[in-house]
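Report on one structure; see the data block that follows.
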Amino acid sequence: MVHTDSTTPSDVRPQAPVGDTPGTSDRGQTPQPAHKYRFPTLIDLLALVGIWYLLQFVGLLAARLAGFDFPDWDLLRGNVAPTPEQQDALARFTAFTYLVTMGLMILFTLFYRRLRHGTRKTLRFSARGLNPVLLLWGLVMMLAAGIVIEPVVELLPMPSSAVYGRGFWAIITLVVMAPLLEEFLCRGIILESVRAKYGVVAALFLSSAFFAVLHGHPALAVNAFVMGLILGFIYIETNSIFSVVLLHAMNNGAAFLLIMVGLDGATIRSVIGSDTLYTIVYVVALVLFAASGYMIYRLLARVKKLDKNTIR
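If you're matching positions, the sequence shown starts at 645 in our numbering and goes up one per residue.
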């Protein structure tokens, strides 16, 4: 502080011009983050992936201790037709193991992030996340993306849908628990943590890759990565977890409906039947997919610029 009485020239320190804030220079340079977060490094993310697969065994052990019987392998592989009782039992088993595994994964990730001094921001909430126009566009983006990547997914073996079971508990797992817990982990904890450390571009792609790896099976992982990019885009655009939870739930609900009517193994080409009509549909989807990619690019450029001028 400069005193007006009894100071010498050596005691006087230059003061910042009016209007300057900490973290900015008098030449108008962009502010720097108040501190650098340590979490997550690439090693941290790989460690979390390893923990996820270790927790699969914890979930199975918990199910065993809770009195659940392990389902038959032939049933899980779809080699035998399950009875309604077996479908219900499998749905309960899957719901229990998923809740235990994902619940522990979220708790461990939060603990590990705190231990490694990552950002404490976890979720963003905004009424804009319930904007029906944005939700509709998100659905269009996911539908177009699904059509475009279908030829790639067709090259990979698909896992049996029997693992989900059928009935009430299958719906709870796929349409309620999965959207809530996976979005909390991937678009909440992981995306926000990577964004605080590396920026929004890395956050979108790394959180999508993490989301894909969680699904394990190659065919599911390819689809999950693309869906992760779209959900991440919507989350960043709306600043709200509401939108991505709803979109995720609608996507899983549609997939489960196809399973229930026996179309889980069907492709768009086989459903349409006509090669000419399929080509038209694919071209339209490709145009929408390209437009979505451009929108994501524009959003990332805009948010990246805003983040540079914001002290986190």
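All C-beta atoms in this analysis are idealised placements derived from N, C-alpha and C, irrespective of residue type, glycine included.
Only residues of its own chain outside the window of five on either side were considered, and among them Glu794, Glu798 have a CB closer than 8 Å to the CB of Thr911, listed in chain order. A direct Cα-Cα distance of roughly 29 Å separates Gly860 from Thr882.
Around the beta carbon of Leu944, a 10 Å sphere encloses 16 or more other beta carbons of the protein chains shown; the residue is thus reported as buried. Here the stretch 852-872 lies against the stretch 684-704, with 3 or more beta-carbon pairs under 8 Å apart. Secondary structure note for Thr920: its alpha helix (DSSP H) is the uninterrupted segment 919-952. In the three-state reduction of the DSSP assignment, Val693 falls in the helix class.
In this structure, Tyr926 is the residue among Tyr938, Ala935, Tyr926 with its C-alpha nearest to the C-alpha of Val792.
CA-CA distance, Ile878 to Arg682, rounds to 27 Å. Taking the CA atoms as reference points, Leu748 sits about 10 Å from Tyr742. Per DSSP, reduced to three states, the secondary structure at Arg721 is coil, with no helix or strand assignment.
With a contact defined as Cβ atoms closer than 8 Å, Leu890 and Leu719 miss out at about 32 Å.
The alpha-carbon of Trp781 is positioned some 43 Å away from that of Ala710. The residue among Leu950, Phe933, Leu800, Arg760 with its C-alpha nearest the C-alpha of Pro862 is Leu800. Contact between the stretch 723-734 and the stretch 757-770 is not established, with fewer than three Cβ pairs separated by less than 8 Å.
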